[in-house]
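I have placed the structure first, in the form of structure tokens, so that the comments after it can refer back to it.
Protein chains: 2
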Amino acid sequence: MSTPKILILGAGYGGLLTTLQLQKKLNYNEAEVTLVNKHSYHYITTWLHEPAAGTASADHARVDLDKIINKEKVNFVKGTVKSIQSEEQTVTLESGEILDYDYLVIGLGSEPETFGIEGLKEYAFSIRSINAVRNIREHIQYMFSKFKQEPDRTDYVTFVVGGAGFTGIEFCGELGDRLPELCEEFDVDPSKVKVYCIEAAPTALPGFDPELVNYAMDVLGKKGIEFKIATPIKQCTPDGVLLATGEEIKAKTVVWAAGVRGNSIVEQAGFEVMRGRVKVDEYLRAPGHENVFVVGDCALIFNEEGRPYPPTAQIAVQEGETLGENLVAIIRGEVTHKFTPHLQGTLASLGKGEGIGQVGSKKLFGSTAAMMKKASDLRYLYKIGGVGLALKKVKL
Amino acid sequence: MSTPKILILGAGYGGLLTTLQLQKKLNYNEAEVTLVNKHSYHYITTWLHEPAAGTASADHARVDLDKIINKEKVNFVKGTVKSIQSEEQTVTLESGEILDYDYLVIGLGSEPETFGIEGLKEYAFSIRSINAVRNIREHIQYMFSKFKQEPDRTDYVTFVVGGAGFTGIEFCGELGDRLPELCEEFDVDPSKVKVYCIEAAPTALPGFDPELVNYAMDVLGKKGIEFKIATPIKQCTPDGVLLATGEEIKAKTVVWAAGVRGNSIVEQAGFEVMRGRVKVDEYLRAPGHENVFVVGDCALIFNEEGRPYPPTAQIAVQEGETLGENLVAIIRGEVTHKFTPHLQGTLASLGKGEGIGQVGSKKLFGSTAAMMKKASDLRYLYKIGGVGLALKKVKL
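Here the protein sequences come in this chain order: P and F. Residues in the first sequence are numbered consecutively from 1, following UniProt numbering. Residues in the second sequence are numbered consecutively from 1, following UniProt numbering.
Here it is in structure tokens:
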């Protein structure tokens with residue numbers, strides 16, 4: 001009997017936690033574990049709004065895989081997945097390399113969901129990787145420097161954030177902190193700078209308690225963010241956005257933060273998907289595939305009321321942990337366990353020292369919420385990299 | 001008898017030193033001195049290659065006029081000069097404000113000389129103001145961030161410096177220091193980054209001793225700068241440059257550093273000019289105008305062999321000092337003095353701790369030249385702002 005091969009695609013929350021669980025629980029030679037990732041680092045997606053705005057460095061939001069993966073237990077392949085052939089049980093990388101597997105874990109993350117809005121793909125930024133957020137930060141700074149050369153061009157210092165959901169709101173919080181610094185650095189009159197947060201839904205932060213939503217909008221309003229709620233964006237152009245109301249906002253920076261869909265590779269591989277996400281069974285298996293598991297943003301799971309859970313880091317981490325344990329059990333012929341998310345609450349930052357949160361029925365505001373968020377970040381870092389990483393990364 | 005009005009246009013080296021001389025030597029009510037400047041700060045033009053590359057902050061290269069101008073002795077008007085009407089003895093600002101004068105000092109600085117090369121004005125950057133160099137720095141960083149998004153686009157990390165004269169060489173020295181830092185910050189393979197320094201003349205640093213020229217090219221060559229000497233640029237496009245040899249260099253960043261001409265306002269005012277510069281008499285007067293003086297890059301003076309002095313900070317400072325003294329003498333009915341430049345040598349930096357210089361017949365290399373340059377900078381800062389400014393600004 002040959003050693004079973006476990007292939008994990010993606011070192012995001014789901015893929016990384018699966019890998020770490022296997023690294024911890026498997027004995028030598030019980031399985032051959034391979035992790036494929038585009039970069040040599042893992043990044044903390046829930047922090048990306050900070051380097052995107054420029055309030056933290058991009059390095060702060062990433063962790064070298066070297067530091068947390070034990071290369072004696074896990075093969076690491078730096079590469080980009082091109083396609084999955086589930087019938088042949090192989091995965092092809094863009095380099096041409098072909099990897100085979102007995103068990104496949106798909107944790108390839110998300111792509112921006114543009115809802116068919118024209119021009120978004122071409123002209124809007126999205127907060128989705130280390131490279132992407134460095135590009136956003138540099139773009140914003142570049143616009144300030146250009147505005148000083150052409151002071152009539154207020155579109156250079158007008159910023160549109162598409163979506164007042166979680167990411168949009170958190171990014172606005174950071175922009176609200178960062179833009180006054182940029183005004184200072186580039187000698188720009190702050191009254192020239194505008195930020196519009198535009199949301200199609202009838203409320204900001206859908207799903208949050210209205211009291212928390214009002215608190216968040218109030219905090220951000222004081223930081224100069226102007227909201228346009230229940231206002232769909234009709235089109236994105238090189239010059240800004242056209243709203244469904246007919247209004248045009250001239251802005252050289254449009255950041256799209258209004259939702260994600262699963263990775264298109266999953267759909268192309270022939271798995272059945274809804275918006276790129278695979279409706280997995282209770283063991284996180286793709287329907288009809290005993291040996292293919294999906295975690296994170298590519299996995300679609302439903303609550304008891306039949307509504308989909310939103311794709312969050314919290315759930316992806318839990319999926320990875322459960323799947324890692326189940327893979328060990330499968331290999332050993334032991335009993336596996338069904339996956340059920342345990343929601344521990346939601347915390348959103350609103351810039352330095354400000355936040356909101358819902359933990360069970362308890363509502364959190366301001367610095368309490370911000371502190372709870374740090375505690376939650378600390379817990380995650382401790383989980384993946386121990387106390388050293390936690391102390392290194394958390395800004396107290 | 002009414003108080004004579006002295007109006008100084010521009011707070012560059014020439015205008016500022018004229019102003020400071022008047023501030024020091026005039027008694028209260030001897031004259032009404034007004035200084036007009038586009039910004040509320042003076043900048044140290046000879047340092048601008050540093051913030052342009054990003055090796056120093058832009059703030060480092062500027063000095064708030066507040067700190068060095070005594071507002072009880074000098075009226076400061078923040079404004080941009082639109083036109084000079086020498087017959088009416090008035091100056092119009094872009095704001096519409098009209099200022100009149102008895103004595104006018106023109107120190108409006110230079111504009112890039114593009115020698116009629118197509119596309120340079122539109123597509124090339126030039127190192128000529130605080131706003132311009134911040135724009136260059138941000139552009140360079142932005143290109144690194146874009147390259148990470150589109151790794152095939154090596155034009156994003158290809159940099160063309162037009163001109164291997166003083167400014168071009170000094171800028172290349174800084175780029176040579178800065179680009180490895182940017183490669184580190186943006187995870188860019190340094191072998192992908194190219195810098196071309198292109199010069200139409202048969203040598204780099206024309207006018208310098210060949211031994212110094214070779215030393216400079218050697219130092220910069222080791223920093224990865226590729227020289228193309230005796231190679232005129234034919235055209236600048238949005239995609240790069242076309243050389244007279246037929247070669248095309250694809251580069252999203254072209255910095256033009258190959259010469260300056262006088263300010264076009266001077267020409268438009270009807271003064272007789274050569275390349276925008278007024279051939280002034282021995283008292284720095286514009287021909288045919290007893291009460292109009294020109295200093296700095298707008299003034300053209302010749303040496304004993306009939307060759308024009310290049311427009312340098314050193315000469316501008318001396319002009320300002322002499323003119324300031326002469327204006328005091330004119331007002332008091334005392335004897336004025338002819339202006340003769342005293343050349344104290346030339347020093348060029350080649351990045352951190354490296355430089356070349358010629359002081360009389362003595363050649364300086366490496367750290368000696370770099371140190372002499374710092375000493376010279378220190379002297380200038382001391383002159384305009386005393387020991388406090390000198391200590392604050394000079395990086396030792």
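Beta carbons are placed, not taken as given, at the ideal position from N, Cα and C, and that holds for glycine.
Contact note: residue 159(F) does not reach chain P at a C-beta cutoff of 7 angstroms; the least C-beta distance is about 16 angstroms. Among the CB atoms of chain F, one or more fall inside 9 angstroms of the CB of residue 138(P).
Note that the stretch 83 to 93 of chain P does not touch the stretch 196 to 213 of chain P; fewer than 3 beta-carbon pairs, one per stretch, sit closer than 8 angstroms.
From the listed residues 248(F), 102(F), 44(F), 83(F), the smallest Cα separation to residue 2(F) is found for 102(F).
Residue 194(F) does not reach chain P, its nearest Cβ partner there being about 20 angstroms away, counting only Cβ pairs nearer than 9 angstroms.
Straight-line measurement puts the Cα of residue 255(F) at about 14 angstroms from the Cα of residue 242(F). The beta carbon of residue 186(F) lies closer than 7 angstroms to those of 144, 145, 148 in the same chain, with the five residues before and after it left out. For the C-beta of residue 186(F), the chain P residues within less than 7 angstroms are, from N- to C-terminus, 134.
Nearest C-alpha to residue 33(P) among 140(P), 327(P), 134(P): 327(P).
In the three-state reduction of the DSSP assignment, residue 209(F) falls in the coil class, being assigned neither a helical nor a strand state. Inside the stretch 254 to 282 of chain F, DSSP marks whole alpha helix (DSSP H) runs of 4 or more residues at positions 264 to 268, from first to last along the chain.
Burial state of residue 344(P) is exposed, judged by a 10 Å Cβ sphere holding fewer than 16 other Cβ atoms.
Take residue 176(P), set aside five residues on each side of it, and the residues of its chain with a beta-carbon closer than 7 angstroms to its own are 220, 223, 224, 225, 351, in chain order.
The C-beta distance from residue 315(P) to residue 20(P) rounds to 17 angstroms, too long to meet the 8 angstroms contact threshold. For residue 131(P), the neighbours in chain F by C-beta distance under 9 angstroms run, in chain order, 145, 148, 149, 186, 187.
Within the DSSP bridge table, the entry for residue 349(F) names 355(F) as partners. For residue 103(P), the uninterrupted beta strand (DSSP E) segment begins and ends at 103 to 106. Taking a Cβ-Cβ threshold of 7 angstroms, the residues of chain F close to residue 142(P) are 138, 139, 142, in chain order.
Close CB contacts of residue 382(F) within its chain, under the 6 angstroms cut and outside five residues either way in sequence, are with 390 (chain order).
Rounded to whole angstroms, the separation of the alpha carbons of residue 23(P) and residue 82(P) is 26 angstroms. Beta bridge pairing from DSSP links residue 85(P) with 90(P). With respect to residue 312(F), residue 346(F) sits close: the two C-beta atoms are nearer than 9 angstroms. Distances from the CA of residue 267(P) to each of 290(P), 136(P), 298(P) were compared; the closest alpha carbon is that of 298(P). C-alpha of residue 253(F) to C-alpha of residue 49(F): approximately 15 angstroms in a straight line. In the three-state DSSP reduction, residue 312(F) falls in the coil class, being neither helix nor strand. Remark: C-beta atoms of residue 261(P) and residue 151(P) do not approach each other more closely than 9 angstroms.
Under the three-state reduction of DSSP output, residue 237(P) falls in the strand class. Taking the CA atoms as reference points, residue 57(F) sits about 36 angstroms from residue 280(F). Secondary structure at residue 145(P): helix, using DSSP grouped into helix, strand and coil. In the three-state reduction of the DSSP assignment, residue 67(F) falls in the helix class, which pools H, G and I. DSSP places residue 41(F) inside the beta strand (DSSP E), whose first and last residues are 41 to 43. The Cβ atoms of residue 65(P) and residue 95(P) do not sit closer than 9 angstroms to each other. Sorting 43(F), 5(F), 31(F), 26(F) by C-alpha distance to the C-alpha of residue 12(F) places 43(F) at the top. About 15 angstroms separates the Cβ atoms of residue 165(P) and residue 52(P), ruling out a contact at the 8 angstroms cut-off. A contact is defined here as three or more CB-CB pairs under 8 angstroms, and the stretch 281 to 301 of chain F meets this definition with respect to the stretch 333 to 342 of chain F. When beta bridges are read from the DSSP output, residue 385(P) appears opposite no residue.
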